[in-house]
Amino acid sequence: MNRYLTDFEPRECLGQGGFGVVFKAFNRVDECMYAVKRIAILDSRVMREVKALAKLDHPGIVRSSNKSDNFNMADTHCRNHKKRKTSKHRHNRNKNIVSKLYLYIQMQLCQQESLQTWLSTSAFDLHLTLDIFHQMVSAISYVHDLGLMHRDLKPSNIFFAMDGSVKIGDFGLVTFVEGTYGDDDVSGDESGGAVGRAHTRQHTNEVGTRLYMSPEQTTGGGYDNKVDIYALGVIFYEMCQRFGTQMERVRALQAARDLNFHDLFVQQHPTEFDFVRPLLSHTATERPDARKILQHPLLAEFEGATLASHRLHSQSRLRIPSMSSSSSNSSSTPPNNLPTP
């Protein structure tokens, strides 16, 4: 039997979309809470994320067990819903049974509030913005050092751990920058080896979320990990703003994509303006790499900071939910409104 079904009790559905469902689940073995992602194995994106998660080990990335037995697969079967009236179809009814293969990935449980929701509920704080952004860039620098690119960076994929530290998640579109591997393969040299390479290769176009997509992703040409730098630029500009409506936000970010920045931002934050402008360059080679960004004077004070200091600083400003709220729901009976595991 699948280990998810025996070791975990689903407590809450944290989210679901076209590629799967994420549960908050209680582990009966170690008595801790985890996020468990259930994915129907339909295409290469699934295995791409699994391979990437097994490879990544960084404090700024949502942690997943590197043990292969934590990537559990279980077969479930369902009958074709169409009625068959002929005797031929009745005799062949076993052929109408469809096998569904699900993958369960055990991951670190983060706060339900992502950077996206935090931006919509928190007042602008420049020091905290720089702290959060530094943690994001540090994680992406690690990803790039492995020769990978995320390709879907956006505020809704940036999470906060229970201690307030920043975690990048959703690696479903991750792929190698260049080399001999196919677009859907994230296996290969464990050391990565893509640091400092300027080569681009042909990748699937228009993957990711368009508002944060680099120009080269939308035009059909080759691209490399500088697409993540562009997305970081859009996110940073968004972090420095507060919008009254979603329409205002979309218009402001679309304008920034064309290098048209709000006058107040330019006037009140000239240093931040000079910092973000090259990240949004339409020429990929003009964008700094992640390591270079970390060396910028704006982020220099955070470089080398211990994780403990990040936690202390973040906890003083972020609303950290009480863990007692999780333990209070310790009944062995899961809620009735959860999708079937």
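All residue numbers for the sequence shown refer to my numbering, where the first residue is 222 and numbers rise by one.
Backbone N, C-alpha and C fix where the C-beta goes; we use that ideal spot for every residue, glycine too.
Determine the DSSP secondary structure at residue i, reduced to helix, strand or coil.
{"i": "LYS375", "result": "coil"}
{"i": "SER386", "result": "coil"}
{"i": "PRO509", "result": "coil"}
{"i": "ALA477", "result": "helix"}
{"i": "GLU437", "result": "helix"}
{"i": "VAL497", "result": "helix"}
{"i": "GLY454", "result": "helix"}
{"i": "GLN516", "result": "coil"}
Does the beta-carbon of residue i have 16 or more other beta-carbons within 10 angstroms, so that it is buried, or is it exposed?
{"i": "SER341", "result": "exposed"}
{"i": "ASP484", "result": "exposed"}
{"i": "GLN475", "result": "exposed"}
{"i": "ASP251", "result": "exposed"}
{"i": "GLN438", "result": "buried"}
{"i": "MET468", "result": "exposed"}
{"i": "ALA511", "result": "buried"}
{"i": "ASP445", "result": "buried"}
{"i": "ASP495", "result": "exposed"}
{"i": "LEU347", "result": "exposed"}
{"i": "PRO518", "result": "exposed"}
{"i": "LEU336", "result": "buried"}
{"i": "GLU493", "result": "buried"}
{"i": "PRO491", "result": "exposed"}
Identify, in the order they occur along the chain, each residue of the same chain with its Cβ nearer than 7 Å to the Cβ of residue i, setting aside the five sequence neighbours on each side.
{"i": "GLY417", "result": "With a pLDDT of 35 at GLY417, under the threshold of 50, the modelled position of that residue is not reliable, and no figure is offered here."}
{"i": "ALA477", "result": "VAL455, TYR458 and LEU501"}
{"i": "LYS513", "result": "none"}
{"i": "GLN333", "result": "LEU235"}
{"i": "GLU524", "result": "LEU515"}
{"i": "ALA360", "result": "HIS279, GLY281, ILE282 and ILE389"}
{"i": "PRO499", "result": "GLU507, ARG508 and PRO509"}
Who are the near neighbours of residue i in its chain, counting only those whose CB is closer than 6 Å to its CB and skipping five residues on each side?
{"i": "LYS447", "result": "ALA505 and ARG508"}
{"i": "ARG249", "result": "ASP228"}
{"i": "MET460", "result": "THR350"}
{"i": "ASN378", "result": "GLY390 and ASP391"}
{"i": "ALA452", "result": "LEU374 and TYR433"}
{"i": "ASN481", "result": "none"}
{"i": "ILE353", "result": "VAL387"}
{"i": "TYR363", "result": "HIS279"}
Since residue i and residue j should fall inside the 8 Å C-beta cutoff, what is the C-beta to C-beta distance between them, to a whole number of angstroms?
{"i": "THR396", "j": "MET370", "result": "6 Å"}
{"i": "ASP564", "j": "LEU374", "result": "It is not possible to answer for residue 564, since the shown part of the chain is limited to 222 through 562."}
{"i": "MET328", "j": "GLY281", "result": "About 14 Å; that fails the 8 Å criterion."}
{"i": "TYR325", "j": "ARG259", "result": "5 Å"}
{"i": "LYS276", "j": "LEU367", "result": "7 Å"}
{"i": "ALA635", "j": "GLY241", "result": "The requested residue 635 is not part of the displayed model; the chain covers only 222 to 562."}
Can you list, in chain order, the residues of its chain whose CB lies under 8 Å from that of residue i, leaving out five sequence neighbours each side?
{"i": "ALA382", "result": "GLN329, CYS331, GLN332 and LYS388"}
{"i": "GLN167", "result": "Only positions 222 to 562 of the chain appear in the structure, and residue 167 is not among them; the question remains open."}
Check whether chain B comes within 8 Å of residue i, counting only Cβ atoms and requiring the distance to be less than that.
{"i": "ALA477", "result": "The structure shown has no chain B; it contains just one protein chain."}
Check your understanding: Which whole runs of the beta strand (DSSP E) in the segment 229 to 255 are 3 residues long or more, in chain order?
Key -> 229 to 238 and 241 to 248
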